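Novice: According to the numbering used here, the sequence shown holds residues 684 to 829 in order. All residues carry an ideal CB built from backbone N, CA and C; glycine is no exception. All values reported here derive from a predicted model rather than from experimental measurement.
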Amino acid sequence: MIILHATCVESEGRGILLQGPSGAGKSDLCLRLIDRGWRLVADDQVILNSSGSKLIGCPPISLRGLIEVRGVGILHIAHAISAPIYLVVDLVKFDSAERIPENVIWYFGSHKIPKIQICPFEISAIEKISIALKEFYNNNCNKLHL
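Here it is in structure tokens:
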């Protein structure tokens, strides 16, 4: 078990881990994903546990269902208890994201999870996440050697 400074959301049983420094846009992007039907798993701190072949993200008990919304405060919202992690999203500044990245894999113990970099404030950020999930898990898992 490890606790990461990250945010986790899930849709249709597939969790994503949003990583970046404070102020990078994790909670902002999380809110926009929730508006599109995703569910909060954990904001600001994510506990990662290995469960067989899956890596599971869940919130610390004290933060369950809580999200910090800058300028508004800490809100309690509907949430999922946990989710298997299918994608890691590194949040970067617009000019820092690689235009054509090599297949990038995030390692956690024996787990290998696809990783992308996006600017969270781009209008297309949510679509990029959805496309990456579909691409990695419907078409290209073999290319990534997962």
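What does Glu751 pair with, by DSSP beta-bridge criteria?
Specialist: DSSP lists Ile757 as partners of Glu751.
Novice: So who's on the other strand from Asp773, going by DSSP bridges?
Specialist: Answer is Gln702, Gln800.
Novice: DSSP three-state label for Ile814, please.
Specialist: Residue state, collapsed to three classes: helix.
Novice: Mark His762 as exposed unless 16 or more other C-beta atoms lie within 10 angstroms of its C-beta, in which case mark it buried.
Specialist: The residue is buried, with at least 16 neighbouring Cβ atoms inside 10 Å.
Novice: Measure the beta-carbon distance from Ala766 to Gly703 and round it to whole angstroms, keeping in mind my assumption that it falls under 8 angstroms.
Specialist: At roughly 19 angstroms, the Cβ-Cβ gap does not stay under 8 angstroms, so Ala766 and Gly703 are not in contact.
Novice: If you drop the 5 nearest sequence neighbours on each side, which residues of the same chain put their C-beta closer than 7 angstroms to that of Trp789?
Specialist: Once the five neighbours on either side are set aside, the close Cβ partners of Trp789 are Val771, Ile796, Lys798.
Novice: Kindly list the residues whose CB is nearer than 8 angstroms to the CB of Ile809, restricted to its own chain and excluding five residues on each side of it in sequence; keep chain order.
Specialist: Cβ within range, chain order: Leu712, Arg715, Leu716, Arg719.
Novice: State the DSSP-derived secondary structure class of Arg715, mapped to helix, strand or coil.
Specialist: Three-state DSSP puts Arg715 in a helix.
Novice: Using a threshold of 8 angstroms, state whether the C-beta atoms of Ile768 and Leu746 are closer than that.
Specialist: No; because the gap between Cβ atoms is not below 8 angstroms, this pair is not in contact.
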